[in-house]
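Residue numbers (this note's numbering), protein chains in the order written: chain V, -1 to 348; chain D, 24 to 259.
What follows is one structure encoded as structure tokens, with my remarks underneath.
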Amino acid sequence: MIQVDHLSKRFGDKTAVDDISFRVHEGEILGFLGPNGAGKSTTMRILTGFLPATSGTARVAGYDVFSDSLNVRKQIGYLPENVPLYLDMRVNEYLTFRAQLKGVPKKDRRARIQEALEKCGVVEVQNQIVGTLSKGYRQRVGLADTMVHDPKILILDEPTIGLDPNQIRQVRALIKELGKKHTILLSTHILPEVEMICGRVIIIDRGKLVAIDTPGNLTSKLRGGATIHLEAKGPLGRIKAGLEGIPGVLKVKGEDESVALSGARTKTHHFVLETDKGRDVREEVFNAFVENKWVLLGMKKEAVTLEEVFHQITTREAEETAEPLPPGEGPAPKGGIKETVSGLIKKIKA
Amino acid sequence: MTNSITIFKREMISYFYSPIAYIVIAVFLLSSGYFFARILALSQQATLMYSLANTQVILSILAPVITMRLLSEEVKSGTIEMLMTAPVTDFEVVFGKFLAALCLYLVMLAPTLLYVVFLGWVGDPDMGPIISSYIGLALMGAMFVSIGLLMSALTRNQIVAGVLGIVTLVILFYLGFAVSGTEGWYVPVLQYVGTYDHWEPFTKGLVDTKDVIYYVSITVLCLFITIRTLESSKWR
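What follows is the structure, encoded as structure tokens:
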């Protein structure tokens, strides 16, 4: 549906988008993730024909965004960041105007507008002047506008920014609903959003594409570097040795701790296990404790969230240069998540 | 073209939802009505010639007020992004807005037809010069509006656009007077560029091709530059 090849955009000597290539397939919801100023909006503006690219090509629904801009614009519904609307018009007037502009035939117009109003939950404000609406309603009027001509592709730039939690929930549900009929490219810097609605994620940072995968894969690639926290009672050295013997455990860190147990202060130990990629060692750990009759007070697995992936990937530069890893090597035995992430980036890049 | 009509309709809605249309029309009718009454009382002639000759300055000020927000506001509020990512061409956008401004201009002039009715009631006016005057006013309006629209495309600040438009039109108006009485190669050039010499024949009942071409060509030129300016804003 969308093909982007080696797309670059420079403003003067500042590179906003740097050699990005990706595909958006029909019917998928693709999340465009990146910190502010990463080049998300610029890429979207190029795709919608609002800005020309400096180099590279982009095709939307088979049409080139530069040479065939009008056809591209017929296929897309675009919601720019901050949702600029004509504040002096009434909601239904505005949508009528937009539907006419987008070439919705006269006989379908009312039905299309009605459907858009209903789907976006703005029926009750349809006779209000846009300027008097709250941010949440404006956002939804903007969404209604993007879908009023039933485009194949929706391009939504930060559709949930500036909304309150309830509105965010509604808008997300709406986008998911729209995703059943439309191909959607949406940008955000809110990670749970991506995990919730997107089939695939592109992570972009400083104009460069750093990762493209499903949210699940992105996190599971890192989950190998997950850590397990144990709280235990028993001989520190022997427990540590025993834990190190479990296959899949890369590193054990143990230290003394004292907690109040059944009223009395008891000496306990706190262990941090770093485990191998894609392997859950909790069962083996438990069995080891049972066999040796050590006391296990608590066990907690710390899962890597997309939030961490994002943070690690987008702040990678310094780490990567500081701790170079030979390519192809798995997670390093030391240092935990950081190496795993730079290993992941290396893999993604390769 | 349907897109131009759509944009035209939106702009008309916008004009009459904001106070701008009413203010402009009121100011115009107050001042032109004053001139009409005073000049009629002094000259005692059933003609619009003298009073219409005066309206040119008022129109030079009011036309840019009509056009000043047309494009600058779109850029400033960001709605240009919504507009230009809809399947419309730059020409359709500019032409639709031009039509809307010209239409408001004509709406503003329409009540002055009452003056003609009044003249017919108190005297026996020669209709020839009156008809040609209105043709001239329409052509002049097209030119004024296109210049104002161009100024609106050049800046994102509508006040700046308005001031630039007024200054341009007032300079064009005085250009002919400024050089009259002097001599040199530039005198006929400036007199041709200035608006007054092209307007006066209309008030006397003369529709000269030379003047029609002047108004039409400047209108087309300004619309063309406006479209180009809008296009080029993508590359900046």
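Backbone N, C-alpha and C fix where the C-beta goes; we use that ideal spot for every residue, glycine too.
Candidates the options, of which the one nearest residue i by Cα
| i | options | result |
| --- | --- | --- |
| D:SER175 | D:SER55, D:PHE59 and D:THR249 | D:THR249 |
| V:GLY35 | V:THR52, V:LEU28, V:ASP16 and V:GLY47 | V:ASP16 |
| D:THR218 | D:ARG61, D:GLN67 and D:GLN79 | D:GLN79 |
| D:PHE167 | D:GLU206, D:ILE153, D:PRO148 and D:LEU127 | D:LEU127 |
| V:ALA239 | V:ALA209, V:VAL283 and V:LYS265 | V:VAL283 |
| V:SER185 | V:LYS178, V:ASP203 and V:GLY47 | V:ASP203 |
| V:CYS118 | V:ASN290, V:ASN90, V:LYS249 and V:GLY32 | V:ASN90 |
| V:PRO190 | V:LYS206, V:GLY214, V:VAL2 and V:LEU183 | V:GLY214 |
| D:GLY56 | D:LEU162, D:GLN68, D:ALA124 and D:PRO134 | D:PRO134 |
| V:THR41 | V:LEU154, V:ILE188 and V:GLU122 | V:LEU154 |
| D:PHE225 | D:ALA161, D:ILE170, D:ILE182 and D:PHE247 | D:ALA161 |
| D:ILE46 | D:LEU137, D:LEU85, D:ILE62 and D:PHE31 | D:LEU85 |
| D:VAL111 | D:MET24, D:ALA184 and D:PHE196 | D:MET24 |
| V:THR264 | V:LEU271, V:GLU272, V:LYS249 and V:LEU295 | V:LEU295 |
| D:PHE196 | D:ILE182, D:GLU206 and D:ASP220 | D:ASP220 |
| V:ARG71 | D:ALA109, D:GLU97 and D:MET91 | D:ALA109 |
| D:VAL117 | D:ARG92, D:LEU136 and D:TYR157 | D:ARG92 |
Separation of residue j from residue i, as counted between CA atoms
| i | j | result |
| --- | --- | --- |
| V:ARG8 | V:ASP106 | 42 Å |
| V:PRO329 | V:GLY246 | Unreliable positioning characterises V:PRO329 in this predicted model, as indicated by a pLDDT of 41, which lies under 50. A coordinate reading is not provided. |
| V:PRO103 | V:ALA59 | 21 Å |
| V:ASP66 | V:GLY25 | 22 Å |
| V:ASN164 | V:ALA114 | 20 Å |
| D:VAL38 | D:LEU122 | Strictly speaking, residue 38 of chain D in this sequence is Tyr, with Val absent from that position. Each residue's alpha carbon lies about 13 Å from the other. |
| D:GLY301 | D:LEU244 | Given a span of 24 to 259 for chain D in the structure shown, any question on residue 301 of chain D remains unanswerable. |
| V:GLN73 | V:ALA209 | 27 Å |
| V:PHE30 | V:ARG21 | 12 Å |
| V:LEU216 | V:CYS196 | 12 Å |
| V:LYS174 | V:THR181 | 11 Å |
| D:TYR40 | D:THR232 | 38 Å |
| V:ALA109 | D:SER256 | 36 Å |
| V:VAL293 | V:SER6 | 59 Å |
| V:ILE27 | D:ASP113 | 31 Å |
| V:ARG138 | V:GLU79 | 13 Å |
| D:MET105 | V:ASP274 | 50 Å |
| V:ILE44 | V:ARG136 | 24 Å |
| V:ASP278 | V:ASN285 | 13 Å |
| D:VAL186 | D:ILE194 | 12 Å |
| V:LEU68 | D:LEU75 | 45 Å |
| V:LYS84 | V:LYS133 | Looking at the sequence itself, residue 84 of chain V is Tyr, so the reference to Lys does not match. Each residue's Cα considered, the two are about 14 Å apart. |
| D:ARG251 | D:ALA165 | 19 Å |
| V:GLY37 | V:ILE200 | 12 Å |
| D:LEU52 | D:PRO148 | 21 Å |
| V:MET194 | V:ARG57 | 27 Å |
| D:GLY146 | D:ARG61 | 16 Å |
Minimum Cβ-Cβ distance from residue i to chain D less than 7 Å
| i | result |
| --- | --- |
| V:PRO213 | no |
| V:ARG71 | yes |
| V:LEU183 | no |
| V:TYR61 | no |
| V:SER5 | First, the amino acid is wrong: residue 5 of chain V is Leu here, not Ser. Closer than 7 Å: no. |
| V:ILE135 | Residue 135 of chain V is actually Tyr in this sequence, not Ile. No - not a single Cβ of chain D is within 7 Å of the one on V:TYR135. |
| V:LEU152 | no |
| V:PRO82 | yes |
| V:PRO149 | no |
| V:LEU141 | no |
| V:PRO78 | yes |
Close beta carbons around residue i, own chain, < 8 Å, minus the five adjacent residues each side
| i | result |
| --- | --- |
| V:MET87 | PHE95, ILE127 and VAL128 |
| D:ASN180 | SER95 and LYS99 |
| D:TRP258 | none |
| V:PHE308 | LEU31, LEU189 and ILE201 |
| V:ALA320 | Unreliable positioning characterises V:ALA320 in this predicted model, as indicated by a pLDDT of 44, which lies under 50. The coordinate reading is nonetheless provided below. Once the five neighbours on either side are set aside, V:ALA320 has no close Cβ partner at all. |
Within-7 Å CB hit, residue i to chain V
| i | result |
| --- | --- |
| D:GLU115 | no |
| D:GLY101 | yes |
| D:PRO20 | No statement about residue 20 of chain D is possible, as the shown extent of chain D runs from 24 to 259 and does not include it. |
| D:GLU223 | no |
The ligand ADP heavy atom lying under 6 Å from the CB of residue i
| i | result |
| --- | --- |
| V:PHE284 | For the structure depicted, the ligand ADP is absent and the ligand set is empty, with no information on it obtainable. |
Neighbourhood of residue i by C-beta distance below 6 Å, restricted to the same chain and skipping five residues each side
| i | result |
| --- | --- |
| V:THR212 | ARG198 |
| V:THR55 | ASP3 |
| V:GLY75 | THR144, MET145, PRO149 and LEU152 |
Own chain residues within Cβ distance below 7 Å of residue i, not counting five before or after
| i | result |
| --- | --- |
| D:ILE153 | LEU71 and VAL139 |
| D:TRP54 | Residue 54 of chain D is actually Ser in this sequence, not Trp. Same-chain partners within the cutoff: ILE81. |
| V:GLU156 | GLU79, SER185 and THR186 |
Residues within the region 86 to 107 of chain V neighbouring chain D, beta-carbon criterion of under 8 Å: ASP86, MET87, GLU91, PHE95, ARG96, GLN98, LEU99, LYS100 and GLY101
Select from the region 226 to 256 of chain D all residues with a C-beta closer than 8 Å to any C-beta belonging to chain V, and list them in chain order. none
Check each residue of the region 19 to 49 of chain V: if its Cβ is closer than 8 Å to any Cβ of chain D, include it; give the result in chain order. ARG43, THR46, GLY47, PHE48 and LEU49
Between the region 204 to 220 of chain D and chain V, which residues of the former have CB atoms less than 7 Å from a CB of the latter, in chain order? none
Using a Cβ-Cβ cutoff of 8 Å, what residues of the region 236 to 250 of chain V are near chain D? List them in chain order. none
Residues of the region 35 to 47 of chain D in Cβ contact with chain V at a cutoff of 9 Å, in chain order, please. ILE36, SER37, TYR40 and SER41
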